[in-house]
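S.K.:
In the numbering used here, the protein residues as written are -5 to 68.
(1) Just to confirm before moving on: does the CB-CB distance between residue 22 and residue 12 stay below 8 Å?
(2) At the level of alpha carbons, what is the spacing between residue 14 and residue 34?
(3) I'd like the list of long-range same chain contacts for residue 62, defined as Cβ closer than 7 Å, with 5 residues on each side in sequence excluded.
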């Protein structure tokens, strides 16, 4: 989150990606940093997934991530 806020302050578009277990925490942290980053949440958990499952999650999130990168607002 800190990296996204720093990059955005430099004019570099970012998208914060996290598992959906951390939705509330991510929103709270972004508020405490005074930022509202573009974000995409993927299904939790992450750590126990196979490489193929991780690729499927990435493929499923890809268009949302690109859409948020190129949009003016979230």
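Even glycine gets a Cβ: it sits at the ideal position worked out from N, Cα and C.
M.R.: Taking the structure as given:
(1) Position 28 of the chain shown holds residue 22. Position 18 of the chain shown holds residue 12. Going by C-beta atoms, residue 22 is not nearer than 8 Å to residue 12.
(2) The residue labelled residue 14 in the question sits at position 20 within the chain shown. The residue labelled residue 34 in the question sits at position 40 within the chain shown. Between the C-alpha atoms of residue 14 and residue 34 there is a straight-line separation of about 9 Å.
(3) Locating residue 62 in the chain shown gives position 68, counting from the first residue. Here the set comprises 9, 32, 34, 68.
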